[in-house]
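Data first, discussion second: the structure below is written as structure tokens.
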Amino acid sequence: MQSAGTIEGSGARSKIWVHEETAMSQAIRIHSFPLSGHCHRIELFASLTGINHELVLVDLATGEHKKEPFLTLNPAGKVPVIEDGGVVIADSNAILVYLARKYAPDWLPADALAQAQVQRFLSLAANEIANGPAAARLVTVFGAQLDAERAKATATYAFDLLEGHLRSRDWLVGDRVTIADVAIYSYTAHAPEGNVSLEPYPNIRAFLARVEALPGFVAMPATKAGLAA
Ligand SMILES: N[C@@H](CCC(=O)N[C@@H](CS)C(=O)NCC(=O)O)C(=O)O
1 MQSAGTIEGS GARSKIWVHE ETAMSQAIRI HSFPLSGHCH RIELFASLTG INHELVLVDL
61 ATGEHKKEPF LTLNPAGKVP VIEDGGVVIA DSNAILVYLA RKYAPDWLPA DALAQAQVQR
121 FLSLAANEIA NGPAAARLVT VFGAQLDAER AKATATYAFD LLEGHLRSRD WLVGDRVTIA
181 DVAIYSYTAH APEGNVSLEP YPNIRAFLAR VEALPGFVAM PATKAGLAA
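Every letter in the sequence shown is one number past the one before it in the UniProt record's numbering, and letter 173, counting from 1, is 173.
Pasting the structure below:
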């Protein structure tokens with residue numbers, strides 16, 4: 001269940017969505033845009049781990065992210081950003097690391113090798129996934145002036161890697177779900193919206209289904225674009 005209401009000081013268009021079952025005084029505020037996979041990672045992680053949170057809509061369509069008060073939170077002018085008491089953190093991977101360390105340590109293994117393996121997939125998410133399926137979807141969903149063919153080629157490179165890696169395992173690192181899986185999930189699941197088919201990738205599709213079967217899973221809204229039109 002979610003409820004919505006206007007919040008003070010963030011403009012008439014801003015809404016705050018409160019998960020009623022977790023609506024307590026210490027909720028983390030996730031400044032977010034519903035169709036952003038970078039933002040969805042954070043909402044998904046908070047939901048999977050039961051972290052008390054509120055979603056604060058940042059209206060990218062009206063440029064709210066390029067104006068105050070948002071620029072004080074993140075001078076880079078990008079979502080997601082979280083506020084946890086007096087702590088402000090931008091960048092989805094940085095947020096995942098912080099939230100896992102602070103509230104859900106099982107999702108970020110402590111030993112050196114496993115942590116390095118998690119970091120490898122956070123890097124894949126920040127580079128090839130962002131420049132591949134996410135960029136391809138920016139073209140079809142938002143009309144971004146990007147090289148769609150190059151983005152699709154980068155997506156193929158990333159998905160070929162993931163498909164091979166998932167041949168003999170359920171999760172990207174170790175034998176349980178971690179923040180690596182959450183970081184990779186959102187833009188991979190929505191790749192068809194950017195004209196990137198998941199048909200050649202049965203292991204990836206099975207991995208996505210495993211994530212979707214986790215208790216607390218929340219989906220990112222689908223758009224009828226690309227192959228999903
Ligand atoms: N490295 C950042 C990337 C965040 C990002 O690209 N956010 C997009 C939405 S998906 C954004 O805010 N775009 C607005 C802009 O760049 O003007 C992260 O992982 O959080």
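Built from N, CA and C at the ideal position, the CB exists for glycine as well.
Apply the 10 Å Cβ neighbour rule to residue i and answer buried if 16 or more other Cβ atoms are within range, or exposed otherwise.
i: Phe159; result: buried
i: Met24; result: Confidence at Met24 is low in this model, with a pLDDT of 45, below 50, so its placement is unreliable and the value that follows should be read with caution. Classification of Met24: exposed, given that the 10 Å Cβ count is below 16.
i: residue 250; result: There is simply no residue 250 to check, as the chain begins at 1 and stops at 229 in what is shown.
i: Ser123; result: exposed
i: Leu113; result: exposed
i: Thr154; result: buried
i: Ala209; result: exposed
Are residue i and residue j closer than 7 Å when you measure CB to CB?
i: Ile179; j: Leu108; result: yes
i: Val211; j: Tyr185; result: yes
i: Val139; j: Ala148; result: yes
i: Ile42; j: Pro75; result: no
i: Asn151; j: Ala135; result: Per the sequence presented here, residue 151 reads as Ala, with Asn not at that position. It is a contact, given that the beta carbons lie within the stated cut-off.
Measuring straight from C-alpha to C-alpha, what distance separates residue i and residue j?
i: Glu199; j: Ala189; result: 12 Å
i: Thr72; j: Ala225; result: 34 Å
i: Leu57; j: Ser32; result: 5 Å
i: Ser168; j: Leu162; result: 11 Å
i: Glu193; j: Arg137; result: 6 Å
i: Ser47; j: Ala183; result: 14 Å
i: Ala104; j: Ile129; result: 24 Å
i: Met220; j: Trp171; result: 20 Å
i: Glu83; j: Ile28; result: 6 Å
i: residue 277; j: His38; result: Residue 277 lies beyond the residue range present for the chain, which begins at 1 and ends at 229; the question has no answer from this structure.
i: Asp181; j: Thr156; result: 18 Å
i: Gly143; j: Arg176; result: 37 Å
i: Gln117; j: Asp111; result: 10 Å
i: Tyr201; j: Pro133; result: 14 Å
i: Lys67; j: Ser36; result: 19 Å
i: Ala61; j: Pro34; result: 11 Å
i: Ala213; j: Asp59; result: 30 Å
i: Gly174; j: Ala191; result: 25 Å
i: Leu96; j: Leu227; result: 30 Å
i: Glu8; j: Gly63; result: Annotation note: pLDDT 30 at Glu8 (below 50); position unreliable, no value reported.
i: Gly164; j: Gly86; result: 42 Å
i: Gln26; j: Leu55; result: 13 Å
Whose CA, out of the options, lies closest to the CA of residue i?
i: Ala222; options: Phe207, Leu161, Tyr187 and Asp170; result: Tyr187
i: Val196; options: Ala206, Asn131 and Val173; result: Asn131
i: Gly50; options: Ala191, Gly77 and Pro215; result: Pro215
i: His53; options: His40, Glu64, Asn127 and Pro133; result: His40
i: Asn127; options: Tyr98, Ser92, Ala100 and Leu99; result: Ser92
i: Gln119; options: Leu55, Leu99 and Ala94; result: Ala94
i: Tyr98; options: Ala209, Gln26, Leu55 and Phe45; result: Phe45
Is residue i close to chain C, meaning its C-beta is less than 7 Å from at least one C-beta of that chain?
i: Lys66; result: Judged by its chain identifiers, the structure shown contains no chain C, having just a single protein chain.
If I measure Cβ to Cβ from residue i and keep anything under 7 Å in the same chain, skipping five residues before and after, which residues do I get?
i: Leu166; result: Asn203, Ile204 and Phe207
i: Val88; result: Leu73 and Val81
Please return the same chain residues whose Cβ sits closer than 8 Å to the Cβ of residue i, not counting the five positions on each side in sequence.
i: Gln115; result: Leu108 and Pro109
i: Gly77; result: His65, Lys66, Phe70 and Leu71
i: Lys102; result: Asp84
Closer than 6 Å by C-beta to residue i: which residues in its own chain qualify, once you throw out the five before and the five after it? Chain order, please.
i: Ala90; result: Asn74 and Val81
Neighbourhood of ligand 3 [Cβ distance below 5 Å to any heavy atom], ordered by chain position: Inclusion of ligand 3 in the displayed structure is not the case, the ligand content consisting of ligand 1 alone.
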